[in-house]
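Worksheet: the structure to be examined is printed underneath.
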Amino acid sequence: MNGLAGPLHGLANQEVLVWLTHLQKEVGKDVSDEKLRDYIWNTLNSGRVVPGYGHAVLRKTDPRYTCQREFALKHLPNDPMFKLVAQLYKIVPNVLLEQGKAKNPWPNVDAHSGVLLQYYGMTEMNYYTVLFGVSRALGVLAQLIWSRALGFPLERPKSMSTDGLMKFVDSKSG
1 MNGLAGPLHG LANQEVLVWL THLQKEVGKD VSDEKLRDYI WNTLNSGRVV
51 PGYGHAVLRK TDPRYTCQRE FALKHLPNDP MFKLVAQLYK IVPNVLLEQG
101 KAKNPWPNVD AHSGVLLQYY GMTEMNYYTV LFGVSRALGV LAQLIWSRAL
151 GFPLERPKSM STDGLMKFVD SKSG
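Residue numbers (this note's numbering): 1 to 174.
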């Protein structure tokens with residue numbers, strides 16, 4: 001579970017919310033597209049990334065982002081934070097393409113998920129990674145139940161102890 005706590009994975013939606021909050025404090029709530037572009041460029045020029053954009057595998061808009069966006073358009077279209085996320089969706093990809101470094105300038109699920117959690121009352125961001133982990137654990141548990149119900153054998157993946165790993169490394173470095 002601790003592996004989920006990095007800024008590119010389990011903490012990513014928190015990083016987005018922190019960035020959005022700082023953005024709102026610096027430029028205000030009703031911000032022009034031009035001011036947003038400037039803020040995005042300042043973020044990039046300071047050596048940071050725009051959180052919530054890009055994906056290690058996908059090379060298009062994350063379908064989970066699209067699903068959350070459609071939900072938000074229907075259920076919270078006037079929420080100020082959602083409006084900001086929607087405005088960024090129109091601007092960030094073009095800036096990232098213009099910059100030329102991003103392999104994928106499109107939003108991922110984290111660009112939106114934290115905003116939805118906040119809207120529905122989950123304001124303690126430290127629990128976001130816990131929610132992420134619980135969802136993974138429930139998925140593994142569901143798979144285990146189906147495997148037992150269908151009579152599949154127990155899976156025993158090969159693993160290696162630390163001692164065995166050290167012996168392997170020593171044998172290769174000698």
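Yeah, the Cβ is synthetic: ideal placement off N, Cα and C, and Gly gets one too.
Which one of the options has the shortest CA to CA distance from residue i?
i      : options                         : result
Gly54  : Lys167, Val16, Asp33 and Phe132 : Val16
Thr21  : Leu141, Arg64, Asn78 and Ala111 : Ala111
Phe71  : Val18, Met81, Leu116 and Asp38  : Leu116
Gln24  : Arg136, Arg69, Met81 and Tyr65  : Met81
Leu36  : Arg59, His75 and Lys83          : Lys83
Gly100 : Leu44, Glu26, Lys167 and Ser32  : Leu44
Lys60  : Leu97, Asp163 and Lys158        : Leu97
Leu76  : Met160, Leu141 and Tyr120       : Tyr120
Tyr128 : Ala142, Ser113 and Trp106       : Ser113
Val18  : Arg69, Asp30, Ser159 and Thr123 : Thr123
Glu11  : Leu131, Gly47, Glu26 and Lys29  : Reading off the sequence, residue 11 comes out as Leu, not Glu. For Leu11, the nearest C-alpha among the options comes from Leu131.
What does DSSP give as the partner residue(s) for residue i in the beta ladder?
i     : result
Tyr53 : Pro107
Looking at the unbroken alpha helix (DSSP H) that takes in residue i, where does it start and where does it end?
i      : result
Glu70  : Pro63 to His75
Lys90  : Pro80 to Gln99
Gly164 : Thr162 to Ser173
Pro152 : Rather than Pro, the amino acid found at residue 152 in this sequence is Phe. It is not in any alpha helix (DSSP H) - Phe152 carries neither H nor E in the DSSP assignment.
Thr21  : Ala12 to Val27
Thr43  : Asp33 to Asn45
Contact defined as beta carbons within less than 8 Å: I believe residue i pairs with residue j. What is the distance between those atoms, to the nearest angstrom?
i      : j      : result
Asn108 : Tyr65  : 6 Å
Val95  : Trp41  : 7 Å
Leu58  : Asn104 : 6 Å
> Below 8 Å, can you find three or more Cβ-Cβ pairs linking the region 45 to 60 to the region 150 to 159?
Replying inline: no
> Does the pairing of the region 128 to 137 with the region 86 to 101 give three or more beta-carbon distances under 8 Å?
Replying inline: Counting Cβ pairs under 8 Å, fewer than three are found: no touch.
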